[in-house]
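These notes concern the structure reproduced below.
As structure tokens, then:
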């Protein structure tokens, strides 16, 4: 019998499938979202830098490096507007004065034998001043949130004055080193930042 060879069938090659439309859309969305986040973060960082440059220029109490570091480290500053940065500044004051008040109270409880009587009296005065500052900064935030910027400025000024007076008390006696120097300086800078921001918002009007 003759042997018949079956012709070999040609293998069909299928072209690669295009990705489903929803996959392409998702990829595009993710790319756009990533770009938006990067742009948003960059814009926020630029706003903080520009704001701190203005603050350092307008008020000698404010140092650019301190301002930028404080605002950039604060939660929600990455997407904040100028009004948002003002609110953050006031909140930072509240954290600072509350923590300082707690620290002074702890220092007075410790009763260090190396602490002289004058320093003890200064600490007691500062404890009272920082207690008032806690109330003032709470009131400042309330007034700010209600849009009463002038009233907010009054309370912020009181906080700044209290920290300055606290530090001056130690400096009045020769040879006395203030144990609250950094804390007082931080409060002064944060208060000056918030005061200038509130003033600038008053000048600029509601559009910001």
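Numbering (mature numbering (1 follows the signal peptide of the UniProt record, and there is no 0)), first residue to last: -43 to -1, 1 to 165.
Ideal Cβ placement from N, Cα and C applies to all residues, glycine included.
- Residue 30 and residue 63 have their alpha carbons spaced roughly 27 Å apart.
- Between residue 127 and residue 59, the C-beta spacing is not below 7 Å.
- For residue 88, the enclosing alpha helix (DSSP H) starts and ends at 74 to 102.
- Counting the other CB atoms within 10 Å of its CB gives residue 146 a total of 16 or more, which places it among the buried residues.
- Shown here, residue 146 sits in a helix according to DSSP, grouped into three states.
- Contact annotation: the region 123 to 141 touches the region 67 to 82, with at least three C-beta pairs closer than 8 Å.
- Within the region 100 to 138, the complete alpha helix (DSSP H) segments at least 4 residues long are 106 to 128, listed from N- to C-terminus.
- Taking C-beta atoms as the reference points, residue 5 and residue 26 fail to come closer than 7 Å.
- Rounded to whole angstroms, the gap between the alpha carbons of residue 55 and residue 94 is 10 Å.
- Nearest C-alpha to residue 120 among 41, 51, 37: 51.
- For residue 30, the uninterrupted alpha helix (DSSP H) segment begins and ends at 21 to 30.
- When the five nearest sequence neighbours on each side are left out, the beta carbons in the same chain lying within less than 8 Å of the beta carbon of residue 152 are those of 16, 110, 113, 114, 117, in order along the chain.
- In this structure, the straight-line span from the alpha carbon of residue 96 to that of residue 71 is close to 38 Å.
- Burial state of residue 67 is exposed, judged by a 10 Å Cβ sphere holding fewer than 16 other Cβ atoms.
- Between residue 84 and residue 61, the C-beta spacing is below 7 Å.
- Taking 8 Å as the upper bound for CB-CB distance, residue 8 and residue 39 are in contact here, some 7 Å apart.
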